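The structure appears right after this line, and notes come after that.
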Amino acid sequence: MHERVLASAGRARLRSLGRRFAALALAIGIGVPVCARTGSGAGPGAAPSARPAATLPAPAYEQTPASSDGTGKRFMGREIAQVMGWAGAAWLERAEREREERTDLLLGALSLRPGMQVADVGAGTGFVARRIARRVGRTGRVWAVDVQPEMVAASDELARRDGLPQVRGVLGSETEMPLPPSSVDLALLVDVYHELAYPVEVIRSVVRTLKPGGRLALVEYRADDPAVAIKPLHTMSETQVRREMAVHPLAWERTVRLPLQNVVIFRRTR
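To convert, note that position 71 of the sequence shown is 71 in the numbering used here; the numbers rise steadily by one, no gaps.
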């Protein structure tokens, strides 16, 4: 009886996921695949399993009353912003995004080369991952990591539609990026870091996946810039980004200024 109840619950969850993905697909204009991968262990080409994370001291998070756009959870004085859910996926694929954010300048700042192994952490629908994939070519790989199964499924389907088999969706968690240690040349977080519920744990996980000398790039809308019409909690200053990365084995390399965002690039030191 217990097994039947669990099986029934599992089927109900899959049906619910299917309905949510269908709604997301309709919103961003893609077809619903017969079977969409929704995790790192689902189907051919999925990411290999990572080693279990080491037990590390808990970071100093503080819980305070939440603001209208925040969670109330703070790290180094910064309130962590609320996460944009899968229902907002259409905004990630909006037609004007490339023009507004100058994705071409971002790709140029990343020094991409054919054959590179890249992790797009918090990839959402894979908007940036697909553009990176064209730069790294068929000999490269782009792991499109997200914590929402609906986003992973959408990313995989859009990559399939665009003929980009080098993009692979990976289902991560709030604390872990499930890729092997020392396997990634470049990890990228585009407008994501400020929303991470566990920023220290995630970046620890990301750094572990970087090859020796591998790079981490954080892209964030600039705080205190009147040209940036974004809610303040969804922006970060370069100073704050560098301050928070200082707790990790990372060395700041350079900052590239885009029209609305900063690209803050670090290199793994050990």
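Just so it is clear, CB atoms sit at the ideal spot from N, CA and C, and this is done for glycine as well. Fair warning: this is a prediction, and the values are worked out from it, not measured in the lab.
Residue i to residue j span [Cα, whole Å]
i      : j      : result
ASN262 : ARG161 : 30 Å
ARG37  : ARG141 : Any reading at ARG37 is ruled out, since the residue's pLDDT is 33, under 50, leaving its predicted position unreliable.
HIS248 : VAL192 : 18 Å
PRO181 : HIS194 : 24 Å
TRP86  : GLU150 : 6 Å
VAL207 : LEU179 : 11 Å
PRO282 : VAL147 : What the structure shows of the chain is the stretch from 1 to 270, and residue 282 is not part of that stretch, so it cannot be assessed.
ALA229 : PRO259 : 12 Å
LEU164 : VAL190 : 20 Å
LEU233 : SER68  : 10 Å
ASP225 : LEU216 : 24 Å
SER49  : VAL121 : Residue confidence for SER49 is low, a pLDDT of 42 falling below 50, so the modelled location carries little weight; the figure read from the coordinates is stated next. Cα to Cα, SER49 sits roughly 16 Å from VAL121.
LEU107 : ALA159 : 18 Å
ALA60  : ARG138 : 42 Å
ARG113 : GLN63  : 42 Å
SER173 : ASP104 : 29 Å
THR209 : ALA95  : 33 Å
Same chain, Cβ closer than 6 Å to residue i, five either side skipped, listed in chain order
i      : result
THR175 : TYR198, GLU201
SER205 : GLU176, MET177
ALA223 : THR235, MET236, SER237
ALA129 : ASP120, ALA123, VAL142, ALA144, VAL167
GLY296 : Outside the shown range of the chain, which is 1 to 270, sits residue 296, and nothing can be said about it.
LYS231 : ASP69
Cβ neighbours of residue i in the same chain (closer than 7 Å, five flanking residues each side left out)
i      : result
GLN117 : GLY140, ARG141, SER183, VAL184, ASP185
MET76  : ARG243, GLU244
GLY213 : ARG267, ARG268
ALA251 : PHE266, ARG267, THR269
ARG254 : ILE265
Other residues of its chain near residue i: CB distance less than 8 Å, five sequence neighbours each side excluded
i     : result
THR71 : GLU79, ILE80, ALA81, GLN82, ALA197
ARG74 : TYR61, GLU62, GLN63, THR64, ILE80
CA nearest to the CA of residue i, picked from the options
i      : options                        : result
VAL256 : ILE230, LEU250, VAL219, ARG267 : VAL219
ARG135 : LEU171, TRP143, GLY115, ASP120 : GLY115
LEU271 : TYR61, GLN63, SER111, PRO65    : Limits of the chain in this structure are 1 at one end and 270 at the other, which puts residue 271 out of reach.
ILE132 : GLN166, GLN148, GLU101         : GLN166
TRP143 : LEU158, MET236, ALA119         : ALA119
PRO227 : VAL170, VAL145, GLU100         : It should be noted that the sequence gives Ala, not Pro, for residue 227. Comparing Cα positions, the closest option is GLU100.
Residue span of the alpha helix (DSSP H) that contains residue i, given as start and end
i      : result
PRO149 : 149-161
VAL206 : 199-209
GLN240 : 238-245
ALA133 : 127-136
LEU105 : 103-109
Residue range of the beta strand (DSSP E) that includes residue i
i      : result
ILE265 : 261-268
VAL190 : 184-190
GLN117 : 117-121
ALA81  : 78-81
The ligand SAM heavy atom lying under 8 Å from the CB of residue i
i      : result
PRO249 : Ligands in the displayed structure: none, and consequently the ligand SAM is not present.
Stretch-stretch touch, CB-based, cutoff 8 Å, three pairs: the region 146-161 with the region 119-132: yes
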